[in-house]
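Colleague: Protein chains in written order, with our numbering: chain A, 420 to 729; chain B, 9 to 432. All C-beta atoms, glycine included, are put in the ideal place defined by N, C-alpha and C. Here's a structure for you.
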């Protein structure tokens, strides 16, 4: 995407300076052709189909459908489950983004310069990122099991009464958020480690000489500002990933109990593949894509602003 | 004669294209069914018995559907792409969705052409279970009904009489209240209310003679007296017996571990629970509480066999399969390998010794007289409605609205009514 947006204006400026020769034109189309075709087939056409479907009452397997205009969107606007789903997704995203960014940064700082064992720890913390989330969800299901789960057993040692984490309306979403943080913080950690290694040690020396003796002051004055681009990247990526939460919800709670863990992608799945209301599911997909677009554009704008400020 | 010729010509042509795998002049019927862990052995054995009698028909199984939801999803997706199997096994409450979308064609012509159907153990109630709008779209293969499972050790410990288990709701709830806490961590009862969203709720409504919708299928009817009693019974389970708010899987695990006095769920688990319990305690099945002859009915769970192919020759071969699978021999094999019942009357004749040895399996057979349709709501929102009912029931079962069950029922009726088709 970025490459295209960079090359497009460049082409235009060349075309403005001198007329393009025919063989150049052909070569350009030939070079762009395969990628453009693939993007069209894989991204653009399905997107158009989804938008078109969202304007119909199509049901999975149905032989006929009708154009219903924006009725699906109007229904969504008046559907408490949909709003619940948006609120839950936002709550989940806030918790997981804050948790995984904070924990990722903390672990990265702790690992930085921790010696020979650092690569071992780094690998261990990165493992959840590589593991299949569905498989891990099943492991978590056993850990959170109300009667023989490890979590209740450990809490029992300190006198906490056993809880049914995933069936309790107050704990189900937080439990999923904890799993989300556990799964994502390793990714943030790796990015922060890369960012930390890019900070010149001379800056810390300078800070110390300038009267910033405490570690906290050095962090606040040097590390944190220089990590800002990495942090922005981590926040945006984990926001997008949090909005995509589905595996754990489908494997552990199915949106229950009573919709407290209903998230956007799960609602879309349930509408499309459980209730077979494909038109409505398509409308949710459009809303979802629009939300993702807003997040991505915000990131682009922020990055550009920062570049211009320099 | 001409048909046989053209068929073999077609098969030959296919064989030339597809290579040696299809070299024999057989009609191949591709079959897909749900719940492999429950049904693999059953279908394998029936297919062997079938192959011995019908060598011209080759039965090929696809990898099983994960569950009923998966089965319906896949058959609908494949209907769009034209890649579906020839015969599919689907949940009894999904017949409506598939018939509405014309995925399966009616079987009435085949049934009318059969001369000795009554003598072979087929009967009207059996076809009713797979009928929509007066047409038969599927023939039930494995049928389940809700029943009660008792832990007799806990019944005794609470001062109950294992030889005279309660059969009324008052009796059941009173016994469960006594069992609650008879030992630390022991619960009086658990009811697997969440099965398919509303199956057990339907059972309770039908139990009291109620219906889900009125006769014309335009207005909800479960907010009447029977529904009020049904949701009231659920609320009493919470308030009187302190039934735990856990998932169906956990209920069964807890029952098998000897921590639950009574479990209300489908007959499908009789085999599995018997094996899990082993010698830990004595388990006895008992009729669903509150059954009144002439008033009560119970929704049939389980699956039906539907023909999805449109090729006339394949349809004919598939019908032979349907007759065999849902007939006496197929039914008997299925019963011996699962906890389900065979709806075919002649299947029971072959199972006298089996039921004598497994009285826990016979409980549900004795309930067959109460069998009725597992109700599916009409219209495009039919499946969404079951989800709405499930959520409303959840608010009673988790205790948050157990004290105002009537208000929950009113809300439920209003929500469901709003999702019904606006016709008429």
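1) Quick one: measure Cβ to Cβ for residue 480 of chain A and residue 88 of chain B, integer angstroms, because I've assumed they're closer than 8 Å.
2) Just how far apart, CA to CA, sit residue 68 of chain B and residue 677 of chain A?
3) In this structure, how does DSSP classify residue 98 of chain B when only helix, strand and coil are distinguished?
4) Check residue 593 of chain A in the structure and name its three-state DSSP category.
5) Exposed or buried, residue 396 of chain B, counting other C-beta atoms within 10 Å across all chains shown (16 or more means buried)?
6) Between the region 569-593 of chain A and chain B, which residues of the former have a C-beta closer than 9 Å to a C-beta of the latter?
7) What's the C-alpha gap between residue 119 of chain B and residue 105 of chain B?
8) Under a CB-based cut-off of 8 Å, is residue 254 of chain B close to chain A?
9) Sorted by chain position, which residues of the same chain lie with C-beta nearer than 7 Å to residue 214 of chain B's C-beta, five sequence neighbours on each side aside?
10) Which word fits residue 415 of chain B, buried or exposed, when buried means at least 16 other C-beta atoms lie within 10 angstroms of its C-beta?
11) In chain order, what residues of the region 67-88 of chain B put their CB closer than 7 Å to some CB of chain A?
12) Does the pairing of the region 468-487 of chain A with the region 693-713 of chain A give three or more beta-carbon distances under 8 Å?
13) To the nearest whole angstrom, what separates the beta carbons of residue 377 of chain A and residue 556 of chain A, a pair I think is in contact under 8 Å?
14) Can you give me, in chain order, the residues of the region 324-341 of chain B that have a beta carbon less than 8 Å from any beta carbon in chain A?
15) Rounded to a whole number of angstroms, what is the C-alpha to C-alpha distance between residue 253 of chain B and residue 586 of chain A?
16) Within 8 Å (strictly less), CB to CB, does residue 388 of chain B reach chain A?
17) Spell out whether any CB of chain B is found under 8 Å from the CB atom of residue 675 of chain A.
18) In this structure, does DSSP put residue 311 of chain B in helix, strand or coil?
19) Verify whether the separation of the beta carbon atoms of residue 203 of chain B and residue 294 of chain B is less than 8 Å.
20) Can the beta-carbon of residue 270 of chain B be found closer than 8 Å to that of residue 196 of chain B?
21) Helix, strand or coil for residue 713 of chain A? Go by DSSP, reduced to three states.
22) For residue 602 of chain A, go through chain B and note every residue whose CB falls closer than 9 Å to its CB, in chain order.
23) Taking Cβ positions, are residue 160 of chain B and residue 290 of chain B nearer each other than 8 Å?
24) Would you say the region 622-635 of chain A touches the region 482-489 of chain A, given that touching needs at least three Cβ pairs under 8 Å?
25) Using 8 Å as the limit for Cβ to Cβ distance, is residue 272 of chain B near chain A?
26) Hey, would you say residue 649 of chain A sits closer than 8 Å to residue 511 of chain A, going by beta carbons?
27) Can the beta-carbon of residue 173 of chain B be found closer than 8 Å to that of residue 272 of chain B?
28) Just reading off the beta strand (DSSP E) that residue 67 of chain B is part of, what are its end residues?
29) Say whether chain A places a C-beta atom closer than 8 Å to the C-beta of residue 100 of chain B.
30) Can you list, in chain order, the residues of its chain with a C-beta nearer than 7 Å to that of residue 654 of chain A? Leave out the 5 residues immediately preceding and following it.
31) Counting only Cβ pairs nearer than 8 Å, list the residues of chain B close to residue 696 of chain A.
32) Quick check on this structure: which residue in B:298, B:242, B:248, B:143 has the alpha carbon closest to the alpha carbon of residue 189 of chain B?
33) Do residue 236 of chain B and residue 401 of chain B have their C-beta atoms closer together than 8 Å?
34) For the beta strand (DSSP E) that contains residue 337 of chain B, what are its first and last residues?
35) Taking only runs that begin and end inside the region 454-508 of chain A, name each unbroken beta strand (DSSP E) of 3 or more residues, in chain order.
36) For chain B, find out if any of its Cβ atoms is closer than 8 Å to the Cβ of residue 692 of chain A; answer yes or no.
Modeller: A quick look at the data gives this:
1) Numbered from its first residue, the first chain carries residue 480 of chain A at position 61. Numbered from its first residue, the second chain carries residue 88 of chain B at position 80. About 6 Å; that satisfies the 8 Å criterion.
2) Locating residue 68 of chain B in the second chain gives position 60, counting from the first residue. Locating residue 677 of chain A in the first chain gives position 258, counting from the first residue. Straight-line Cα distance between these residues: approximately 41 Å.
3) Position 90 of the second chain, counting from 1, holds the residue named residue 98 of chain B. In the structure shown, residue 98 of chain B sits in a strand (DSSP, three-state: E or B).
4) Here residue 593 of chain A refers to the residue found at position 174 when the first chain is read from its first residue. Correct three-state label for residue 593 of chain A: helix.
5) The count along the second chain starts at 1 and reaches residue 396 of chain B at position 388. That one is buried.
6) 583, 585, 586, 587, 588
7) Along the second chain, read from residue 1 onward, the residue named residue 119 of chain B stands at position 111. Along the second chain, read from residue 1 onward, the residue named residue 105 of chain B stands at position 97. Computed Cα separation, rounded: 22 Å.
8) Within the second chain, residue 254 of chain B is the residue found at index 246, counting from 1. Answer yes: the Cβ-Cβ gap between residue 254 of chain B and chain A drops below 8 Å somewhere.
9) Translated into positions along the second chain, residue 214 of chain B becomes position 206. Within the same chain, residue 214 of chain B has close Cβ partners 304, 305, 306, 307, 380.
10) Translated into the one-based positions of the second chain, residue 415 of chain B becomes position 407. Its Cβ having fewer than 16 others within 10 Å, residue 415 of chain B is exposed.
11) 77, 81, 84, 85, 87, 88
12) yes
13) Chain A is shown only over 420 to 729; residue 377 of chain A falls outside these bounds and no answer can be derived.
14) none
15) In the second chain, counting from the first residue as 1, residue 253 of chain B sits at position 245. In the first chain, counting from the first residue as 1, residue 586 of chain A sits at position 167. Their Cα atoms are separated by approximately 7 Å.
16) The residue labelled residue 388 of chain B in the question sits at position 380 within the second chain. Residue 388 of chain B counts as touching chain A.
17) Position 256 of the first chain, counting from 1, holds the residue named residue 675 of chain A. So yes, residue 675 of chain A belongs to the interface.
18) By one-based count along the second chain, residue 311 of chain B stands at place 303. Strand.
19) As a working note, residue 203 of chain B is residue 195 in the second chain. As a working note, residue 294 of chain B is residue 286 in the second chain. Result no, Cβ atoms of residue 203 of chain B and residue 294 of chain B do not sit closer than 8 Å.
20) Walking along the second chain from the start, residue 270 of chain B turns up at place 262. Walking along the second chain from the start, residue 196 of chain B turns up at place 188. Against a cut-off of 8 Å, the Cβ pair of residue 196 of chain B and residue 270 of chain B comes out as a contact.
21) For the purposes of this step, residue 713 of chain A is taken as the residue at position 294 of the first chain. Residue 713 of chain A: helix per DSSP, three-state reduction.
22) Residue numbering aside, residue 602 of chain A sits at position 183 when the first chain is read from its first letter. The contacting residues do not exist; residue 602 of chain A stays about 23 Å from chain B at best.
23) For the purposes of this step, residue 160 of chain B is identified with residue 152 of the second chain, where counting begins at 1. For the purposes of this step, residue 290 of chain B is identified with residue 282 of the second chain, where counting begins at 1. Cβ atoms of residue 160 of chain B and residue 290 of chain B: closer than 8 Å.
24) no
25) Locating residue 272 of chain B in the second chain gives position 264, where the first residue counts as 1. Cβ-Cβ to chain A under 8 Å: no for residue 272 of chain B.
26) The sequence position of residue 649 of chain A within the first chain is 230, counting from 1. The sequence position of residue 511 of chain A within the first chain is 92, counting from 1. Contact: no.
27) Residue numbering aside, residue 173 of chain B sits at position 165 when the second chain is read from its first letter. Residue numbering aside, residue 272 of chain B sits at position 264 when the second chain is read from its first letter. No, these two residues do not count as a Cβ contact at 8 Å.
28) Along the second chain, read from residue 1 onward, the residue named residue 67 of chain B stands at position 59. Where residue 67 of chain B is concerned, the enclosing beta strand (DSSP E) stretches over 65-69.
29) As a working mapping, residue 100 of chain B is identified with position 92 in the second chain. Not an interface residue.
30) Locating residue 654 of chain A in the first chain gives position 235, where the first residue counts as 1. Contacts found: 516, 520.
31) As a position in the first chain, residue 696 of chain A is number 277, starting the count at 1. 388, 389, 392, listed in chain order.
32) Within the second chain, residue 189 of chain B is the residue found at index 181, counting from 1. Among B:298, B:242, B:248, B:143, the Cα nearest to that of residue 189 of chain B is on B:248.
33) In the second chain, residue 236 of chain B corresponds to position 228, counting from 1. In the second chain, residue 401 of chain B corresponds to position 393, counting from 1. In this structure, residue 401 of chain B does not lie closer than 8 Å to residue 236 of chain B by Cβ.
34) Indexing the second chain from 1 puts residue 337 of chain B at position 329. It is not in any beta strand (DSSP E) - residue 337 of chain B instead sits in the alpha helix (DSSP H) that spans 336-345.
35) none
36) Against the first chain, residue 692 of chain A aligns to sequence position 273. Chain B contact via Cβ: present.
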